[in-house]
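Enquirer:
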Amino acid sequence: MPVLNQSNEIYAEVAAWRRYLHEHPELLFDVFETSKFVEAKLKEFGCDSVDYGLGKTGVVGVIKGKGGDGPVIGLRADMDALPIMEAGPVEWASKTPGKMHACGHDGHTAMLLGAAKYLSQTRNFKGSVALIFQPAEEGGGGGLAMVQDGLMEKFAIEEVYGMHNSPGLPVGHFAIRKGPVMAAADHFEVTVTGKGGHASTPHLGVDPVVIAAQIIMSVQNIVARETDPLESLVVSITAIHGGEAHNVIPADVTLKGTVRTLLPEIRDMAEKRFIEIVEGTAKLLGGSARVDYHRGYPITRNHDEQTDFVTSVAQSVSGDAAVNTSPPPVMGAEDFSYMLEARPGAFVFVGNGDSANLHHPEYDFNDDLLPFGISYWVSLVEGKLAA
14 MPVLNQSNEI
24 YAEVAAWRRY
34 LHEHPELLFD
44 VFETSKFVEA
54 KLKEFGCDSV
64 DYGLGKTGVV
74 GVIKGKGGDG
84 PVIGLRADMD
94 ALPIMEAGPV
104 EWASKTPGKM
114 HACGHDGHTA
124 MLLGAAKYLS
134 QTRNFKGSVA
144 LIFQPAEEGG
154 GGGLAMVQDG
164 LMEKFAIEEV
174 YGMHNSPGLP
184 VGHFAIRKGP
194 VMAAADHFEV
204 TVTGKGGHAS
214 TPHLGVDPVV
224 IAAQIIMSVQ
234 NIVARETDPL
244 ESLVVSITAI
254 HGGEAHNVIP
264 ADVTLKGTVR
274 TLLPEIRDMA
284 EKRFIEIVEG
294 TAKLLGGSAR
304 VDYHRGYPIT
314 RNHDEQTDFV
324 TSVAQSVSGD
334 AAVNTSPPPV
344 MGAEDFSYML
354 EARPGAFVFV
364 GNGDSANLHH
374 PEYDFNDDLL
384 PFGISYWVSL
394 VEGKLAA
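Per the working numbering, the sequence shown runs over residues 14 to 400.
If you want it as structure tokens, here you go:
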């Protein structure tokens with residue numbers, strides 16, 4: 014496989030960075046030490062500029078090619094970890110109880126740093142590459158924060174690219190598709206209000222537990238009977254809280270959950286019908302419901318031209334047989350979606366091999382894929398910005 018020799022030569026160094034980051038996880042925007050580590054490496058490599066503070070704690074390094082002026086493309090890696098207690102046996106396990114890199118952002122950061130070291134030494138391209146290290150992907154919307162801070166305008170970025178590891182996909186393999194690749198993820202909190210009382214006299218009150226149960230079943234009608242079976246929609250009630258005693262009907266019950274979609278029109282319909290069904294069901298049964306519905310990360314949508322290009326890049330690294338161009342979309346969400354709304358680009362998956370799944374306490378990034386990720390980034394830059 015034509016993996017860059019240099020990526021194999023710096024494997025041990027990049028793996029050491031990755032394992033250091035794994036030992037020192039940080040959450041959301043509070044990636045202060047991680048950002049300092051990244052900033053120091055980029056300056057050590059000789060990047061033409063290194064900026065800290067976009068999206069609160071984001072870092073952007075710029076490398077100019079020696080082929081002269083040209084376009085600017087952005088490459089993005091996320092830096093934050095998750096609030097999970099690590100259970101794996103690895104020597105480089107988290108040193109901070111209750112925090113761990115359970116999604117591989119340590120590996121994403123290390124791979125982009127490895128590419129940065131190579132590109133800053135060779136500069137075999139025309140134009141510039143902006144290396145984007147983003148905080149708060151895990152629910153904080155760091156991608157949006159960086160875009161709102163003027164990321165694309167400040168660095169004149171014309172196209173932007175992202176990558177994520179994928180457990181179950183063999184190491185060295187890639188999965189790429191045009192159009193929707195990951196879902197929009199919205200979330201809600203519903204407060205159902207009835208009239209509390211003694212459990213022995215339910216007829217004298219209005220039981221919000223019964224109303225909540227009916228709501229839980231009724232909202233699934235949006236998926237089962239109001240959405241084309243060939244479209245994707247997930248409505249999940251993930252929490253229900255109400256009452257304290259076995260003989261007391263509570264006055265209120267709270268429901269929480271998410272709605273995930275792959276098409277804007279399905280997203281709009283699901284939000285409208287969810288609110289109508291919740292409020293209508295509560296009223297029908299003699300109570301009331303307040304719905305706090307919040308739109309989260311938008312649909313991650315790959316652009317056609319850029320997807321064709323990165324497909325060819327992945328094939329050059331791993332061979333045609335190792336690149337799946339028609340994987341099913343993933344109903345998880347990704348805030349790289351905000352960057353793809355701001356600029357054309359593509360988001361790809363690279364195999365993590367036979368590992369625990371993402372967000373699992375025994376997950377660990379597979380260092381064997383480091384050379385593939387580095388080679389992909391370098392080949393992308395040198396191909397898109399050919400001197």
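Quick reminder that beta carbons are idealized off the backbone N, C-alpha and C, glycines included.
Give the secondary structure of I387 by DSSP, where H, G and I count as helix, E and B as strand, and everything else as coil.
Expert: DSSP places I387 in helix when its eight states are reduced to three.
Enquirer: In whole angstroms, what is the alpha-carbon distance linking A29 and E289?
Expert: The alpha-carbon atoms of A29 and E289 are separated by roughly 53 Å.
Enquirer: Going by DSSP in three states, S249 sits in which element: helix, strand or coil?
Expert: Looking at S249 - three-state DSSP - the assignment turns out to be strand.
Enquirer: Could you have a look at M14 and say whether DSSP puts it in helix, strand or coil?
Expert: Legend: pLDDT at M14 = 43, less than 50; position of this residue unreliable, value from coordinates given subsequently. Note: M14 maps to coil in three-state DSSP.
Enquirer: Would you give the residue range spanned by the beta strand (DSSP E) that K269 belongs to?
Expert: 265-274 is the span of the beta strand (DSSP E), which, as asked, contains K269.
Enquirer: What number of angstroms, rounded off, separates the C-alpha of H259 from the C-alpha of I228?
Expert: If I take the Cα positions, the gap works out to 22 Å.
Enquirer: Using only alpha-carbon positions, find the residue among L164, L132, M344 that is nearest to P442.
Expert: Residue 442 lies beyond the range of the chain shown here (14 to 400); nothing can be said about it.
Enquirer: DSSP puts E202 in a beta bridge; with which residues?
Expert: Looking at the DSSP assignment, E202 forms a beta bridge with K269, D305.
Enquirer: Note down the Cα distance separating F322 from N178, rounded to an integer number of angstroms.
Expert: F322 and N178: Cα-Cα distance of roughly 19 Å.
Enquirer: Determine the closest residue to S363 out of G153, A327, G80, P342, with distance taken between C-alpha atoms.
Expert: In the sequence as presented, Ser is not what sits at residue 363; that position holds Val. Of G153, A327, G80, P342, the residue nearest in Cα terms is A327.
Enquirer: When you compare the CB positions of P180 and A369, do they come within less than 8 Å of one another, or not?
Expert: The answer is yes: Cβ separation under 8 Å.
Enquirer: Going by beta carbon distance, what residues of the same chain come within less than 6 Å of G175, once the five residues before and after it are set aside?
Expert: Same-chain partners within the cutoff: R89, F349, F360.
Enquirer: Which same chain residues end up closer than 8 Å to Q319 when comparing Cβ atoms and leaving out the 5 residues on each side of it in sequence?
Expert: Within the same chain, Q319 has close Cβ partners E172, Y174, P357, G358, A359.
Enquirer: Between which residues of its own chain and G210 is the CB-CB distance below 6 Å, once the five residues before and five after are set aside?
Expert: Answer for G210: L217, G218, I262, listed in chain order.
Enquirer: Taking the beta carbon of S48 as the centre, do at least 16 other beta carbons fall within 10 Å, making it buried, or is it exposed?
Expert: The residue in question, S48, is buried, as its Cβ has 16 or more Cβ neighbours within 10 Å.
Enquirer: Are R286 and I235 touching if we call contact CB-CB under 8 Å?
Expert: In contact: R286 and I235 (Cβ atoms closer than 8 Å).
Enquirer: From which residue to which residue does the alpha helix (DSSP H) around K69 run?
Expert: Here K69 belongs to no alpha helix (DSSP H), and DSSP marks it neither H nor E.
Enquirer: Identify, in the order they occur along the chain, each residue of the same chain with its Cβ nearer than 6 Å to the Cβ of R280, setting aside the five sequence neighbours on each side.
Expert: Result list for R280: A197, T274, in chain order.
Enquirer: Are at least three pairs of beta-carbons, each pair with one atom in the segment 153-164 and one in the segment 329-346, less than 8 Å apart?
Expert: The segment 153-164 is not in contact with the segment 329-346.
Enquirer: Apart from the five residues on each side of it in sequence, which residues of its chain come closer than 7 Å, Cβ to Cβ, to L132?
Expert: Hits under 7 Å: I76, V142, V391, V394.
Enquirer: Between the C-alpha atoms of T313 and R136, what's the straight-line distance to the nearest angstrom?
Expert: So the two alpha carbons sit approximately 30 Å from each other.
Enquirer: Quick one: grab the DSSP three-state call for N234.
Expert: Correct three-state label for N234: helix.
Enquirer: Taking M165 as the reference, give the member of L353, V51, S388, L55 with the closest Cα.
Expert: Of the candidates L353, V51, S388, L55, the one whose C-alpha sits nearest the C-alpha of M165 is L353.
Enquirer: Buried or exposed: where does E46 fall if 16 or more other Cβ atoms within 10 Å of its Cβ makes it buried?
Expert: The residue is exposed, with fewer than 16 neighbouring Cβ atoms inside 10 Å.
Enquirer: With a 10 Å radius around its C-beta and 16 neighbouring C-beta atoms as the bar for buried, classify Q147 as buried or exposed.
Expert: With 16 or more Cβ atoms within 10 Å of its Cβ, Q147 is classed as buried.
Enquirer: Could you tell me whether the Cβ atoms of D265 and P221 are closer together than 8 Å?
Expert: Yes, these two residues count as a Cβ contact at 8 Å.
Enquirer: Report yes if the CB atom of M195 is closer than 8 Å to the CB atom of A399, and no otherwise.
Expert: No, they are not a contact pair.
Enquirer: DSSP state of L41, grouped into three classes?
Expert: Correct three-state label for L41: coil.
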